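So the structure is just underneath, and the comments pick up after that.
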């Protein structure tokens with residue numbers, strides 16, 4: 004998306020003879036239309052499907068990664084989730100957790116504690132969704148990322164932790180989309196470019212979604228005295244809130 008190879012479009016109004024027409028009046032020719040109707044969860048390549056069993060798309064795995072059938076956490080699954088939010092940053096953090104556990108740096112709760120957490124998460128899901136094969140691996144992006152981060156000690160700093168030494172990061176943490184870069188600020192394998200990536204999220208969003216090239220409506224806020232004034236006001240508000248907290 005960021006490179007412009009894929010362009011975001013609104014809802015499809017109707018299928019035409021050679022493509023599709025969107026609700027904004029634009030049209031596009033299409034050779035193939037992929038209908039994302041979902042999947043049946045199964046693992047036939049692993050012990051003929053006997054090791055990781057699935058019943059009505061429900062799999063018994065701690066944090067949807069570590070099969071409870073195993074006594075030891077020597078196998079991890081990446082991407083077996085249906086998130087509210089992007090799956091790719093979650094998959095990246097899942098991979099970090101699995102590798103950190105396999106390397107011995109981090110340890111998961113014991114099997115009994117993991118089993119209790121699996122049941123608790125399943126009950127929470129049942130209270131939010133109708134019983135369906137579609138809602139067996141549902142996760143909320145930030146809550147799930149935070150749960151994974153706690154397992155290996157890479158929790159994203161709270162906005163007030165950046166005060167008073169880095170008000171820009173405090174502002175970004177409080178008001179910008181919570182991308183995976185925030186989980187690279189500390190913990191195992193931190194990234195030196197994470198801070199800059201956090202501060203420029205809006206620029207990449209605009210680049211990916213600004214089809215007419217008008218630029219961000221907030222560009223005027225990024226330059227000159229107005230920017231400094233807004234930064235000062237926001238910093239003061241955040242500082243007061245932190246002191247109250």
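Numbering (the numbering used here), first residue to last: 4 to 248.
Where is the CB? At the ideal position from N, CA and C, for every residue including glycine.
Values in this document were obtained by computation on a predicted structure and should not be read as measured data.
Open item on the list: Using 8 Å as the threshold, is the C-beta distance between residue 183 and residue 155 below it?
Closed with: no
- [ ] Inspect the beta-carbon positions of residue 175 and residue 187 and report whether they are closer than 8 Å.
- [x] no
Open item on the list: With H, G and I counted as helix, E and B as strand and the rest as coil, what does DSSP make of residue 156?
Closed with: coil
Open item on the list: Just verifying my parser: in three-state terms, what is the DSSP assignment at residue 53?
Closed with: Shown here, residue 53 sits in coil according to DSSP, grouped into three states, outside any helix or strand.
Task: Residue environment, residue 247, which counts as buried when at least 16 other CB atoms sit within 10 Å - done: exposed
Task: Whether residue 96 touches residue 151 by CB criterion (8 Å) - done: yes
- [ ] Give the straight-line distance between the Cα atoms of residue 243 and residue 139, rounded to the nearest whole angstrom.
- [x] 42 Å
TODO: Starting from residue 32, follow its DSSP beta bridges and name the residues at the other end.
DONE: 22
Open item on the list: Can you list, in chain order, the residues of its chain with a C-beta nearer than 8 Å to that of residue 143? Leave out the 5 residues immediately preceding and following it.
Closed with: 86, 87, 88.
Open item on the list: Under 8 Å: do the segment 42-50 and the segment 116-123 share three or more Cβ pairs, one atom per stretch?
Closed with: Flag = no, the segment 42-50 and the segment 116-123 do not touch.
Task: Nonlocal neighbours in the same chain, by C-beta distance under 6 Å from residue 32, ignoring five residues either side - done: Here residue 32 has 21, 22 as same chain residues with Cβ atoms under 6 Å from its own Cβ, once five neighbours each way along the sequence are excluded.
- [ ] For residue 204, I'd like the list of residues in its chain whose CB is within less than 7 Å of its CB, leaving aside the five on either flank, ordered along the chain.
- [x] 179, 180, 182
Task: Rounded straight-line distance, which links the Cα of residue 206 to that of residue 113 - done: 43 Å
Task: residue 191 (DSSP reduced to helix, strand or coil) - done: coil
TODO: Can you tell me which of the three DSSP states residue 112 falls into?
DONE: coil
Open item on the list: Between which residues of its own chain and residue 76 is the CB-CB distance below 6 Å, once the five residues before and five after are set aside?
Closed with: Only 69, 104, 111 meet the Cβ criterion.
Task: Cβ neighbour criterion (16 or more within 10 Å) applied to residue 226 - done: Caution is warranted here: a pLDDT of 48 is assigned to residue 226, below 50, making its placement in the model unreliable, and the coordinate value is therefore given only provisionally. Classification of residue 226: exposed, given that the 10 Å Cβ count is below 16.
Open item on the list: I need the DSSP call for residue 147, collapsed to helix, strand or coil.
Closed with: Residue 147: helix per DSSP, three-state reduction.
TODO: Name the residue from 27, 28, 18, 80 whose alpha carbon lies nearest to the alpha carbon of residue 34.
DONE: Closest option to residue 34, Cα to Cα, is 18.
Open item on the list: Do residue 173 and residue 241 have their beta-carbon atoms positioned less than 8 Å apart in this structure?
Closed with: yes
Task: N-terminal and C-terminal residue of the beta strand (DSSP E) that residue 86 is part of - done: 85-87
- [ ] Quick one: grab the DSSP three-state call for residue 126.
- [x] helix
Task: Per-residue burial, residue 255 [other beta carbons within 10 Å of its own, 16 or more giving buried] - done: Given a span of 4 to 248 for the chain in the structure shown, any question on residue 255 remains unanswerable.
Task: Bounding residues of the alpha helix (DSSP H) (the contiguous stretch that carries residue 11) - done: Element bounds for residue 11: n/a, residue is neither H nor E.
Task: Between the CA atoms of residue 67 and residue 50 - distance to the nearest angstrom - done: 19 Å
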